[in-house]
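Trainee:
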Amino acid sequence: MPGEPGGRESGGPASTTGAASGRYAVLEPDWMLRGYADRPAVLYNWRTGEEHTLSAVGGYVARSCDGATDFSSPFFLPAHIATLDLMIEQGMAAECARGTRLDPRQGLRTAPNRHLAFAHWAVTGRCNLRCRHCYMDAPTARYGELPTGEMVRILDQLQRAGVQRVHLTGGEPLLRGDLWDIVRGLAERRIGVHQISTNGLLLGDDALAELQACDIDPIIHFSYDGVGSHDSMRGLDRVEGPTLDAIRRTVAAGSRASVTSSLDSETAAGIEGACDLMAELGVFAWHVSAPLGVGCWTGSTTELALAGQAEVGERIVKRWVELGKPFVLTLCGMYAGAPHGLEQPREPLHRCVPDDMHCGALLNDTVYVMPDGTIIPCPRFIDTPIQDAMPSLLRVDLSEAWEDPALRGLVGVTKAQVLEHNPGCAACDDFADCGAGCWAVAYRQTGDLLARDAAACELWKSGYRERLFAAAGEEYPRAGRPAGLAGGTC
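Start counting the sequence shown at 1; every next residue gets the next number (our numbering).
(1) From M390 to G99, what distance separates their C-alpha atoms?
(2) What is the residue span of the alpha helix (DSSP H) that W297 lies within?
(3) Is the segment 402 to 420 touching the segment 162 to 179 in the sense that three or more CB pairs, one from each, lie closer than 8 angstroms?
(4) Along the chain, where does the beta strand (DSSP E) that runs through E454 open and close?
(5) Return the CA-CA distance between L304 and V312, expressed in angstroms with no decimal places.
(6) Do H221 and S258 count as a contact pair if the criterion is CB distance below 8 angstroms?
(7) Please state whether DSSP places C96 in a helix, a strand or coil.
(8) At what residues does the beta strand (DSSP E) containing Q195 begin and finish?
(9) Can you tell me whether K415 is buried or exposed? The criterion is at least 16 other CB atoms within 10 Å of its CB, across all chains shown.
(10) Closest to H340 by C-alpha separation, out of G333, P326, V353 and G282, would be which residue?
(11) Does DSSP put I88 in a helix, a strand or coil?
(12) Measuring CA to CA, which of D365, D217, R444 and G373 is closest to A37?
(13) From A56 to R190, what distance separates their C-alpha atoms?
(14) In the structure shown, what three-state DSSP assignment does V259 receive?
(15) Tell me the rounded alpha-carbon separation between A524 and G35.
(16) Would you tell me roughly how many angstroms separate the C-alpha atoms of G200 and N113, rounded to the nearest one?
(17) With a 10 Å radius around its C-beta and 16 neighbouring C-beta atoms as the bar for buried, classify D448 as buried or exposed.
(18) Comparing alpha-carbon positions, which option in G463, I382, E28 and S197 lies nearest G293?
(19) Please specify which runs of the alpha helix (DSSP H), each continuous and at least 4 residues long, are wholly inside the segment 244 to 289, giving them in chain order.
(20) Relative to the C-alpha of H287, which residue among S462, T260 and Q309 is closest?
(21) What are the residues that DSSP puts in a beta bridge with S223?
(22) Start and end of the beta strand (DSSP E) containing G35?
(23) Whole angstroms is fine: what's the gap from L393's alpha carbon to R126's?
(24) Give the list of continuous alpha helix (DSSP H) stretches no shorter than 4 residues that lie fully inside the segment 352 to 409.
(25) Using C-beta distances below 6 angstroms, list every residue in its chain close to T267, excluding the 5 sequence neighbours before and after it, in chain order.
(26) Return the chain-ordered list of same chain residues with a C-beta closer than 6 angstroms to the C-beta of Q387, the five sequence neighbours on each side being excluded.
(27) For G162 and A117, what's the separation of their Cα atoms in angstroms?
(28) Given 8 angstroms as the limit, is there contact between the segment 102 to 112 and the segment 56 to 72, that is, 3 or more CB pairs closer than that?
(29) DSSP on W320, reduced to helix/strand/coil?
(30) Is the number of C-beta pairs between the segment 434 to 444 and the segment 454 to 463 that are closer than 8 angstroms three or more?
(31) Helix, strand or coil for T124 per DSSP?
(32) Could you tell me whether the Cβ atoms of R47 and G192 are closer together than 8 angstroms?
(33) So E494 and Q164 are supposed to be a Cβ contact under 8 angstroms. How far apart are they, rounded?
(34) Which value, in whole angstroms, describes the spacing of the CA atoms of G22 and Q159?
(35) Please confirm if W180 has its CB atom under 8 angstroms from at least one CB of chain C.
(36) Evaluate L331 with the Cβ neighbour count: other Cβ atoms within 10 Å of its Cβ, from every protein chain shown; 16 or more gives buried, anything less gives exposed.
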């Protein structure tokens with residue numbers, strides 16, 4: 001990009017050392033080459049999140065897209081040239097004059113740890129609202145926030161570990177006076193910002209201008225809890241209007257706005273009535289879900305039973321269809337759909353098999369960083385012994401923490417172990433879809449590392465998923481019973 005060290009304009013050279021015969025190429029500016037202990041070459045787009053794990057041939061070709069390597073030499077066989085042509089066709093690389101400089105940030109950097117693509121980073125535990133469902137317990141600022149110097153140290157750790165994209169969340173991220181310094185630090189390290197979560201109250205025109213100045217295009221993710229019911233969930237009066245105004249200004253500024261609505265007995269009517277409003281606002285996505293039974297929500301008396309969630313969800317789906325499916329819609333784990341022409345993963349997203357990790361987030365490619373620097377598999381583990389046993393990035397580098405044998409032994413439960421512990425799951429036709437549910441939810445309810453998630457069992461056997469897909473006029477997708485489970489054994 002212009003003005004950056006070693007930068008260049010997209011699709012064209014910035015500097016050359018003179019014309020010469022041969023064929024030369026460089027990676028297009030948004031494409032980064034990274035390596036990990038278990039994946040020697042991964043090519044990813046730091047802006048969009050598109051990622052490709054490369055074969056030996058692909059890795060060799062990508063490393064050679066440096067503006068100095070001649071692809072017409074005998075060291076490149078037809079398979080290499082075919083791969084180069086494909087990369088050029090797909091916009092990952094471009095032919096160039098010999099000597100075109102590649103931005104040093106694009107070249108291969110190998111992390112000492114296994115693949116780690118994504119981080120949810122709660123940059124603060126403070127908030128300017130008093131939401132009664134806050135899993136972070138932000139109304140009390142329980143987890144506080146780290147000073148700028150420590151945040152920069154974590155930025156460096158994310159880079160060393162090969163993290164490709166982050167979701168900045170909180171608390172309320174915009175309470176940090178150095179938030180845009182953090183965002184710029186991520187961009188300088190070519191770590192993409194996939195999403196920024198906010199309640200919208202501090203998202204003024206100046207913040208939107210800062211976002212554009214950082215030259216990134218994250219999804220701006222808002223919390224909104226229904227027409228006339230938003231304030232009751234947020235714990236303050238007269239915040240609904242400013243939140244809606246922030247969403248409107250975000251869309252008007254050309255950014256994608258997504259909204260999550262927390263469904264309980266007090267917000268049900270307001271959320272059900274918000275479908276038209278979401279279409280009017282022009283949001284990219286609307287996610288309706290019941291709050292996590294964590295933090296401030298623990299012991300809540302306003303939870304909406306599964307049947308009630310399904311009733312609200314069915315009416316929302318029908319109205320969404322009448323409106324022409326104007327945005328991505330997800331509903332309480334029962335339905336996921338998208339506008340025509342926009343590809344959206346359908347639930348179930350994965351066919352569960354016994355070899356899977358029961359809780360794959362931490363051990364696959366995603367980490368959650370708490371405001372105090374602790375890493376956890378996901379927020380559902382807050383206030384459990386699992387959280388207490390997790391490493392802190394203030395004491396251990398992320399690359400080292402990611403490979404810690406004690407950590408992996410603690411959370412490395414497999415589906416096979418759960419099946420052996422729960423014979424009913426092994427004999428169940430829904431296992432390929434359900435996978436015994438959420439490990440964290442089951443663990444919170446029972447304290448048993450191998451317990452099944454009873455709520456997931458209720459959901460999958462309720463028929464509500466089929467009902468909501470039928471309301472959308474769509475065929476209900478099922479993974480089906482996997483091989484190896486016939487006769488109730490794994």
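Ideal Cβ placement from N, Cα and C applies to all residues, glycine included. These figures come from a predicted structure and were not determined experimentally.
Mentor: Taking the geometry as given:
(1) Between the C-alpha atoms of M390 and G99 there is a straight-line separation of about 47 angstroms.
(2) Looking at the DSSP string, W297 is not in any alpha helix (DSSP H), and its letter there is neither H nor E.
(3) Contact between the segment 162 to 179 and the segment 402 to 420 is absent, because fewer than three Cβ pairs lie under 8 angstroms.
(4) The sequence shown places Ala at residue 454, not Glu. Segment A454 to S462 is the alpha helix (DSSP H) holding A454; no beta strand (DSSP E) there.
(5) Taking the straight line joining both Cα atoms gives about 10 angstroms.
(6) A contact, by the Cβ cut-off of 8 angstroms.
(7) Strand.
(8) Run containing Q195: G192 to T198, per the beta strand (DSSP E) assignment.
(9) Classification of K415: buried, given that the 10 Å Cβ count is 16 or more.
(10) Considering only alpha carbons, the answer is P326.
(11) I88 sits in a helix when the DSSP states are folded into three classes.
(12) Per the Cα distances, D365.
(13) Those two C-alpha atoms are separated by around 24 angstroms.
(14) The answer is strand: DSSP assigns V259 an E or B state.
(15) A query on residue 524 cannot be resolved here, the shown segment of the chain reaching from 1 to 490 and no further.
(16) Distance between the alpha carbons of G200 and N113: 36 angstroms.
(17) When all chains shown are included, D448 counts as exposed.
(18) It is I382.
(19) Those alpha helix (DSSP H) runs which fall completely within the segment 244 to 289 and span 4+ residues are 268 to 272 and 275 to 281.
(20) For H287, the nearest C-alpha among the options comes from T260.
(21) Looking at the DSSP assignment, S223 forms a beta bridge with T260.
(22) Annotation for G35: the continuous beta strand (DSSP E) segment containing it runs W31 to G35.
(23) Their backbone Cα atoms lie some 19 angstroms apart in a straight line.
(24) Restricted to the segment 352 to 409, the alpha helix (DSSP H) segments that are unbroken, complete and at least 4 residues in length are 360 to 363, 385 to 389 and 398 to 402, listed in chain order.
(25) Sequence-distant Cβ neighbours of T267 in its own chain, meaning closer than 6 angstroms and more than five residues away, are D225, G226, S229 and M233.
(26) In chain order, I376 and F381 place their CB closer than 6 angstroms to the CB of Q387, counting only its own chain and leaving out the 5 sequence neighbours on each side.
(27) Straight across, the Cα-Cα distance linking G162 with A117 is about 7 angstroms.
(28) Yes: at least three Cβ pairs fall under 8 angstroms.
(29) Helix.
(30) Yes, they touch.
(31) DSSP places T124 in coil when its eight states are reduced to three.
(32) For R47 and G192, yes; Cβs fall inside 8 angstroms.
(33) Because residue 494 is not part of the residues shown, which for the chain are 1 to 490, the question remains open.
(34) Between G22 and Q159, the alpha-carbon positions lie close to 35 angstroms from each other.
(35) Within the model displayed, chain C is absent; a lone protein chain is all it includes.
(36) Label assigned to L331: buried.
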